[in-house]
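To convert, count from 1 in the sequence shown and add 490; that's our numbering.
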Amino acid sequence: MQGLRSLFHSGARFVDRTEMTIHQRTAFVLSPSTTLTLGGYMYDKKGLGMGSFTTQVTHTSSDPSVPSFTVTSELGWAPKLHCQISQPVSPQTVFMLIPELDDNGLDISVGANRLLTPQLHGAMMWSTRDGLSGSLSQNAETYNATAAVAMNSGGPNLTFQFRRALVAATTAKLSLRANFATGLSFAAGASREISNRTRVGLNVLLARTGVTLRLGFTRGSVRFVMPIFLSPFSVQSAFSTFCAATSPLLVAAVVTQLIKPGRERQRRLELERRHDMLVQYLAAARQNALEQQKLMLRCAKEKMEQERQRRDGRGLVIMLGRYGKDPTSPDPLESQENDLDTVLQAIEDSEMDFEDGVEAESGTGERITQQEVDGDVLVQKWIDVSVPLQFFVKDGELALSCASKAGLLGFYNPCIGVDQTIADARSPSISGVTPSLYVRYAYDGQVFEASFDDDQAVNLPSRVGTTWHEEESKRYELGVWDDGGCVSGRY
């Protein structure tokens, strides 16, 4: 608190006058090679405002033997007429002639720009007013580095600038300037894009005048800068203030470049491990349910035959039973991409914390291929439970308690997805998608269908069941189950 108070009340530290720049441009395409641009700008610095109306005509020649040119005029506080003529002399070299007329007279610059490598290009210019200058610029996908040297009436000066994209919307910048007249200056800062048209920035400048903190805000064509003078220049105080001001930026850079990527890699490995555990659990649960159904199949066939042969004609025959998500759908697989990155992304987007489940068994167990995992386990919506339902039929009735059906013989919960835990499979009532039970059965010469929630009691024949019609046919095929759990024969 004392530091904040001294920042705004100390005589050596004060908020300087703000700077603001507003510019606006509109382009008109006159021809495929010629563009007219009309605009203007206003610049306010240290309480002094200035601005100009600008006009620019750009012609780009499609013939390498014909030069391209750009003519720019400014009418306002500082009138200026500027022309740039560019002529390619080779596929990598462009020669430039730049005459400029302003209040100080006529200035003529000549120079060349050469592409040294696909990412490195150099430029050299000579001006009647500013002398000789040269620069090298390296443009890569994630960073930009520029070094420039100039010799003019003020003496030699050197400039180095480095920009690097830390993350998708954040950029760090370092610059060093050395001038014979003004001395050495060093700046460090960062900017972040918070929307499509908005960017905020923070910059710390160490120069002969002292240490200055600059806060910037850009919205569309408006740029606002607020400089805060922190400390006058001295070997001890200026360096200490500069280090204190730049330390948050350095810490943020270390966290962004070193710590966060490492944690992301560790998190991804953990997600992959949990994904594999989930896959193995679902595969084992499905395999156990199918094995149990094989053991129940013979008894279920006998019960079905007994129900069909009842003398009162009121036998309960299960034609079809499905348990899971959307059991009335004929397709048992979810329509989604079967890519591990998609699965991991879905896990990352979830806010749920994964609980530790059963450990994966190793040894003689059969290994599950990625194709089986993606095509038959994670995307399985429901499981056919016709066999276990017929197995549970007794004396023309089917009665299941008001509890989850996932724990019954021949059942398992296929609704658990990549955004849920293994515990959700064991307790479907707390999972995001609760499985349901769909039953189609024959009773007293008619075919009915009924759906039940997972924790709903099942009593068949049911009063809530509806008569099932298929193409208005009054003859229904019944009999014994095939390998897929369906029935065949005639009733």
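Just so you know, even glycine gets a beta-carbon here, dropped at the ideal spot from N, CA and C.
Terminal residues of the continuous alpha helix (DSSP H) containing Val877?
-> Run containing Val877: 876-881, per the alpha helix (DSSP H) assignment.
Just mark Gln880 as buried or exposed, buried being the case when its beta carbon has 16 or more other beta carbons within 10 Å.
-> Classification of Gln880: buried, given that the 10 Å Cβ count is 16 or more.
Neighbourhood of Glu797 by C-beta distance below 6 Å, restricted to the same chain and skipping five residues each side | Within its own chain, the residues whose Cβ lies closer than 6 Å to the Cβ of Glu797, once the five positions on either side in sequence are excluded, are Gly805, Leu806, Val807, listed in chain order.
For Phe707, collect the residues of the same chain with a Cβ closer than 7 Å to its Cβ; drop the 5 residues on either side in sequence, then sort them by chain order.
-> So the qualifying residues of the chain are Val690, Phe714.
Pro925 and Asn903 look like a contact to me (Cβ under 8 Å); what is the Cβ gap, rounded to whole Å?
-> With 8 Å as the limit, Pro925 and Asn903 qualify as a contact, their Cβ atoms being about 6 Å apart.
Counting contacts by CB-CB distance shorter than 8 Å, is Arg689 in contact with chain B?
-> This model lacks chain B altogether; it includes just one protein chain.
Might you give, ordered along the chain, the residues of its own chain that have their beta carbon closer than 7 Å to the beta carbon of His611, omitting 5 neighbours on each side?
-> Contacts found: Asn603, Arg604, Leu605, Ser627.
Does DSSP put Asn778 in a helix, in a strand, or in coil?
-> In the structure shown, the three-state DSSP call for Asn778 is helix.
Any idea what DSSP makes of Pro751, helix, strand or coil?
-> If DSSP states are grouped into helix, strand and coil, Pro751 belongs with the helices.
Exposure of Gly855, with buried meaning 16 or more beta-carbon neighbours within 10 Å = Residue confidence is low: Gly855 scores 39 on pLDDT, short of 50, so the model does not pin down where it sits. Its coordinate-derived value is still stated next. Exposed.
Can you grab the Cα-Cα spacing for the pair Val863 / Ala773, in whole Å?
-> Confidence in Val863 is poor, its pLDDT being 45 and thus under 50, which makes the residue's placement unreliable; the coordinate value appears in the next sentence. Distance between the alpha carbons of Val863 and Ala773 is about 8 Å.
Does the distance from the C-beta atom of Val694 to that of Ala678 stay below 8 Å?
-> Judged by beta-carbon spacing, Ala678 lies within the 8 Å limit of Val694, meaning their Cβ atoms are closer than that value.
What's the gap between the Cα of Gly645 and the Cα of Glu760?
-> Distance between the alpha carbons of Gly645 and Glu760: 59 Å.
Proximity below 8 Å, CB of Ser623 to CB of Ala640 = For Ser623 and Ala640, yes; Cβs fall inside 8 Å.
Would you mind reading off the limits of the beta strand (DSSP E) that contains His628?
-> With the sequence shown as reference, residue 628 is identified as Gln, and His is not the correct amino acid for it. Segment 621-629, the beta strand (DSSP E) holding Gln628.
Grouping DSSP H, G and I as helix and E and B as strand, with all else coil, what is Val579?
-> Of the three classes helix, strand and coil, the one that applies to Val579 here is strand, per DSSP.
Hey, how far is the Cα of Met615 from the Cα of Glu762?
-> Going from the Cα of Met615 to the Cα of Glu762 covers about 56 Å.
Residue of Thr660, Arg654, Arg687, Asn647 minimising C-alpha distance to Gly673 | It is Asn647.
Ordered along the chain, which non-local residues of its own chain (more than five positions away) have a Cβ less than 7 Å from that of Tyr813?
-> Same-chain partners within the cutoff: Trp872, Ile873, Val875, Lys895, Phe901, Pro925, Leu927.
In this structure, does DSSP put Cys892 in helix, strand or coil?
-> In the three-state DSSP reduction, Cys892 falls in the coil class, being neither helix nor strand.
Residues near Gly975 by beta carbon distance below 7 Å, same chain, minus five either side | Unreliable placement is indicated for Gly975, whose pLDDT of 49 sits below 50; no coordinate value is reported for it.
Out of curiosity, what's the CA-to-CA distance linking Arg776 and Gln782?
-> Spanning the two alpha carbons is a distance of roughly 10 Å.
Ignoring anything shorter than 3 residues or poking outside the stretch 646-707, list the beta strand (DSSP E) runs there in chain order.
-> Runs found: 660-669, 673-683, 688-697.
Residue range of the beta strand (DSSP E) that Lys535 falls in?
-> Element bounds for Lys535: 524-535.
From the DSSP output, read off the bridge partner residues of Pro717.
-> The partner list for Pro717 (beta bridge, DSSP) reads Arg704.
Just the Cα atoms here: how many angstroms apart are Asn642 and Thr661?
-> Cα to Cα, Asn642 sits roughly 32 Å from Thr661.
Whole angstroms is fine: what's the gap from Arg503's alpha carbon to Leu696's?
-> Confidence is the limiting factor: at Arg503 the pLDDT is only 45, short of 50, which leaves the residue's position unreliable, though a coordinate-based value still follows. Rounded to the nearest angstrom, the two C-alpha atoms are 14 Å apart.
Cα-Cα separation, Val712 to Asp821 = Rounded to the nearest angstrom, the two C-alpha atoms are 56 Å apart.
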